[in-house]
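Asker:
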Amino acid sequence: MSLSISGMPCVSVHFAGILGSGMSALAQYLAWEGLAVTGSDRLRDAGHTAATRTKLEALGCRVCAQDGSGVTARTDAVVVSTAIEKDNPDVAAARARSIPVFHRSDVLAAAVASKHTIAVAGTSGKSTVTAMVFHLLRHAGKDPSLIAGANLHDLIAEGFVGNAFHGSSGLLVVEADESDGSLVKYHPAVSVFLNLSRDHQPEDETLAMFRTLAVQSGEVIVNADDPRLDALQADARFGTAARAQYRASLSSDAGAARVTVESHAFEARFPGMHMAQNLLASLCVCMRLGVDQDTLARGARAYAGIARRFDRTPTKRGITVIDDYAHNPDKVR
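My numbering applies: residue 4 is where the sequence shown begins, and numbers increase by one.
In structure tokens form, the structure reads like this:
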């Protein structure tokens, strides 16, 4: 098997920094697609990366030291993330052999183009909605693939790393990250826009990227409750606003987030109005893809969450520790 990356057919791909969250997801996906995958990581022998390394190697991915030795005459392309320095040994080895170096977003763009892809964009909630959409579609028997930015507990329990999955259908759910501007490379079948606030980039720059992604998408789904997204031309809007085609009432208590759409009630066992908003976005996407509401209600109740998003860890003394990752003011609020 091969994958056309920026117009170049690739059979053997090397990832510099393969154990990182975004890179490991792509590495798994390419391995499942039948490509030969190698990679390096400066944390290859660190204890906290051992599980990821073991699972990648079980898929046939060779993980080596980050000293350039993994880049060989058989390597068709080297993949880097924004975190990889220009003088990285793997990059230097690729240049010496005239092997092309691609950003991870180029590889993700190739994957997006090869499937009926749902891309999830927004300043906040991307990882959760990406996971929820995948979970709901999988629960409905759609058997989608996944390239995500966080690990799903259900997939971890099945023995996977948790941030990727290879289904038998043509559906693919991906997280479209705006932090480095790379989401403008994607041409998905469906894009969903959750919200917009200042984070990695100023709001006007992020909005410009969102506009580009929307134009390049077959169908556009937008949060009607965020006026900063009004500039996007939408095929469907969701929210509590009267103009939303998928208009809902939202509520939350200590045990669950709840959404009611067209007299149908849905709940996920995670608290917070933000979780109710995430659930509504996910439901809207899946309804547009033809999943019936009763199936979605059962799927929502079965959603087990992702790592570090209201992640409960019971202790021996009966105290529950909750790990909830947030890295900008809107997420903290």
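Glycine included, C-beta positions come from ideal geometry on N, C-alpha and C.
1) Please classify tyrosine 189 as buried or exposed, where buried requires at least 16 other C-beta atoms within 10 Å of its C-beta.
2) Would you kindly check if the distance between the Cβ of alanine 114 and the Cβ of leucine 6 is under 9 Å?
3) Run the CB neighbour count on serine 27, radius 10 Å, all protein chains shown included, and call it buried at 16 or more, exposed below.
4) Report the CB separation of valine 132 from asparagine 281 in whole angstroms; it is logged as a contact under 8 Å.
5) Are there 16 or more other CB atoms within 10 angstroms of the CB of histidine 51, so buried, or fewer, so exposed?
6) From this set, Lys89, Ala192, Met212, which residue's C-alpha is nearest serine 182's C-alpha?
7) CB valine 74 to CB aspartate 93, shorter than 9 Å?
8) Suppose you measure from the CA of valine 195 to the CA of alanine 179; what does that come to, to the nearest Å?
9) So does arginine 246 have its beta carbon nearer than 8 Å to some heavy atom of the ligand SAM?
10) Relative to the alpha-carbon of serine 127, which residue among His277, Glu60, Arg77, Lys89 has its alpha-carbon at the smallest distance?
11) Compute the Euclidean distance between the alpha carbons of phenylalanine 105 and cysteine 67, then round it to the nearest angstrom.
12) Identify which residue in Thr55, Ser220, Val81 has its Cα closest to the Cα of valine 193.
13) Could you give the DSSP three-state label for lysine 334: helix, strand or coil?
14) I'd like to know if the segment 292 to 303 and the segment 265 to 275 are in contact, where contact means that at least 3 CB-CB pairs between them fall below 8 Å.
15) State the beta-bridge partners of asparagine 226 as determined by DSSP.
16) So the candidates are Ala124, Ile309, Gly165; which of them puts its Cα closest to the Cα of alanine 54?
17) Quick one: measure Cβ to Cβ for valine 82 and valine 110, integer angstroms, because I've assumed they're closer than 8 Å.
18) Who are the Cβ neighbours of proline 12 in its own chain at under 7 Å, not counting the five residues just before and after it?
19) Let me check one thing: in DSSP terms, what residues is leucine 174 bridge-paired to?
20) Check each candidate in Thr85, Ile159, Lys89 and name the one with the smallest Cα separation from glycine 71.
21) If I'm right that arginine 56 touches leucine 22 with Cβ under 8 Å, what's the distance once you round it to whole angstroms?
22) By alpha-carbon positions, which one of Ala116, Gly275, Ile102 ends up nearest to threonine 78?
23) How big is the Cα-Cα spacing for arginine 214 and threonine 318?
24) Could you say which of Arg45, Tyr249, Gly170 lies nearest to lysine 118 if we only look at CA atoms?
25) Considering only residues of the segment 128 to 188, which uninterrupted beta strand (DSSP E) runs meet the minimum length of 3 residues and lie entirely inside it, listed in chain order?
26) Under 7 Å Cβ to Cβ from alanine 60, same chain only, skipping five residues before and after it: list those, please.
27) Taking the alpha carbon of serine 148 as the reference point, which residue from Glu161, Gly162, Gly173, Lys129 has its own alpha carbon closest?
28) Between which two residues does the beta strand (DSSP E) holding threonine 323 run?
29) Tell me, which residues are paired with valine 294 by DSSP?
30) Between the alpha carbons of arginine 240 and asparagine 91, how many angstroms are there, rounded?
31) On a Cα-Cα basis, can you pick out the residue from Gly321, Arg320, Glu270, Val288 that is closest to glycine 308?
32) What separation, rounded to the nearest whole angstrom, lies between the Cα atoms of lysine 334 and alanine 19?
33) Go ahead and pull the three-state DSSP assignment for alanine 95.
34) Return the bridge partner residues of cysteine 67 from the DSSP annotation.
Answerer: With the structure as the only source:
1) Burial call: buried.
2) yes
3) buried
4) 5 Å
5) exposed
6) Met212
7) Using a Cβ distance threshold of 9 Å, valine 74 and aspartate 93 count as a contacting pair.
8) 10 Å
9) Within the structure as shown, the ligand SAM is missing, as the structure has no ligands at all.
10) His277
11) 19 Å
12) Ser220
13) Low per-residue confidence applies at lysine 334: pLDDT is 48, beneath 50, and the placement is therefore not dependable, though the value from the model is reported in the following sentence. DSSP places lysine 334 in helix when its eight states are reduced to three.
14) The answer is yes - the segment 265 to 275 touches the segment 292 to 303, with three or more Cβ pairs under 8 Å.
15) Phe241
16) Gly165
17) Contact between valine 82 and valine 110 holds, with the beta-carbon distance rounding to 5 Å and staying under 8 Å.
18) The answer, listed in chain order, is Ser5.
19) His119
20) Lys89
21) 6 Å
22) The candidate whose alpha carbon is nearest that of threonine 78 is Ile102.
23) 46 Å
24) Gly170
25) Counting only runs of 3 or more, we get 148 to 150, 174 to 178.
26) Before going further, note that residue 60 is glutamate rather than alanine in the sequence given. Shown here for glutamate 60: same chain residues with a beta carbon closer than 7 Å to its own, the five before and five after excluded, namely Val66 in chain order.
27) Gly173
28) 323 to 326
29) Per DSSP, none; premise fails for valine 294.
30) 44 Å
31) Glu270
32) The predicted position of lysine 334 is uncertain, since its pLDDT is 48 and thus under 50; a value taken from the coordinates is nonetheless stated next. Going by the C-alpha atoms only, they are around 30 Å apart.
33) Correct three-state label for alanine 95: helix.
34) Ser43
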